[in-house]
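Worksheet for the structure shown next.
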Amino acid sequence: PESAVIEHWRARLGSGAPLDEAEGLALAGDFGIAVPEMAIVEDRAAVLAAADKMGGPVVLKTAEAGIQHKSDVGGVHLGLMGADAVGQAYDDMAERLGPRCLVAPMAPAGTEMVFGLIQDPQFGPLVLVGTGGIFVEVLKDSLLAVPPFDIAFARSLIDRLKGRALLDGVRGRPAADIDALADMLARFSVLAATLGATISELDLNPVIAGPDGALAVDALVVPQQTT
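The numbering used here applies: residue 1401 is where the sequence shown begins, and numbers increase by one.
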């Protein structure tokens, strides 16, 4: 990214204020990582307009501050088709969690991966790559590497995962474009190397690896807390 973009994010993260999902995905997007079209909305009419513009099935997620694990609180509605379904889902979430929501097209089919940035007391920022989605804590299939690294190294990390065969397509799932996934991981490593000093934790989970490329669907960014 251009130096002005890097300085913007360095200042934003340096403030210590938490980033919401939309901001986290915008950060990833500025480093060349593919992210979905999305809209942040705060009332029913805006939700319906955004969903209509996107066409097809959409996902609705709470964008209220302080909710990190949205699915645990019923803050995610998937595969919504038509104004009735979208409106009903929004009414439910607005009543329980608050009016601020994120609308995005449903992600394409593929294998769920996770990219992460963690802080190691000895090595500093490290990049994590693993099989992801909701089972990331259960499977514990991940590797760590010092950023930045190139596409060839990114591919070697992916090839060493225990769940690597999942990316070749199993049980009717489409095979993933490994080159696109490795390219995204290399770009993520540049983000980690560039801004790692200002980030306590960063998760792109899931990253959907499909036949037409890779897409980062959700982002959690925790800035370093300034004392």
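Beta carbons are placed, not taken as given, at the ideal position from N, Cα and C, and that holds for glycine.
In terms of alpha-carbon separation, which member of the options lies closest to residue i?
| i | options | result |
| --- | --- | --- |
| Gly1479 | Val1459, Ala1609, Ala1489, Ile1467 | Val1459 |
| Gln1624 | Ala1576, Ser1600, Ala1582, Met1513 | Ser1600 |
| Thr1462 | Met1481, Ala1422, His1408, Gly1414 | Ala1422 |
| Gly1613 | Glu1402, Gly1510, Gly1482, Gly1474 | Gly1510 |
| Pro1457 | Gly1429, Glu1464, Ala1504 | Ala1504 |
| Ile1558 | Gly1487, Lys1540, Pro1547, Leu1581 | Leu1581 |
| Pro1521 | Ile1608, Val1546, Ser1556 | Val1546 |
| Val1447 | Val1486, Asp1550, Ala1619, Ser1556 | Val1486 |
| Ile1406 | Leu1595, Ile1608, Gly1610 | Leu1595 |
| Gly1610 | Ala1593, Glu1512, Ile1551, Ala1552 | Glu1512 |
| Pro1401 | Arg1587, Leu1615, Gln1468 | Arg1587 |
| Asp1541 | Phe1515, Leu1602, His1408 | Phe1515 |
Quick one: Cα of residue i to Cα of residue j, how far?
| i | j | result |
| --- | --- | --- |
| Leu1526 | Ala1445 | 43 Å |
| Leu1597 | Gly1524 | Strictly speaking, residue 1597 in this sequence is Ala, with Leu absent from that position. So the alpha carbons of these two residues sit roughly 8 Å apart. |
| Ala1576 | Val1570 | 11 Å |
| Glu1496 | Lys1470 | Per the sequence shown, residue 1496 should be read as Arg rather than Glu. Taking the straight line from one Cα to the other gives about 12 Å. |
| Gly1530 | Leu1413 | 25 Å |
| Leu1528 | Val1441 | 32 Å |
| Gly1424 | Asp1583 | 19 Å |
| Ala1404 | Met1506 | 32 Å |
| Phe1431 | Arg1564 | 25 Å |
| Pro1508 | Ala1417 | 32 Å |
| Gln1519 | Val1622 | 11 Å |
| Asp1443 | Ala1449 | 10 Å |
| Trp1409 | Ala1593 | 13 Å |
| Asp1452 | Ile1578 | 33 Å |
| Ala1489 | His1477 | 7 Å |
With residue i as the anchor, note down where its beta strand (DSSP E) starts and where it stops.
| i | result |
| --- | --- |
| Ser1589 | Unbroken run through Ser1589 is the alpha helix (DSSP H), 1578–1595; no beta strand (DSSP E). |
| Lys1461 | 1458–1462 |
| Leu1425 | Element bounds for Leu1425: not the beta strand (DSSP E) but the alpha helix (DSSP H), 1421–1430. |
According to DSSP, which residues form a beta bridge with residue i?
| i | result |
| --- | --- |
| Leu1604 | Phe1515, Ala1619 |
| Ile1440 | Leu1502 |
| Asp1520 | Gly1524 |
| His1477 | Leu1460 |
| Leu1544 | Leu1528 |
| Gly1613 | Gly1610 |
| Ile1599 | Pro1623 |
Going by DSSP, what residue range makes up the alpha helix (DSSP H) through residue i?
| i | result |
| --- | --- |
| Ala1489 | 1482–1497 |
| Phe1549 | Note, Phe1549: premise wrong, no alpha helix (DSSP H); not H, not E. |
| Ala1404 | 1403–1414 |
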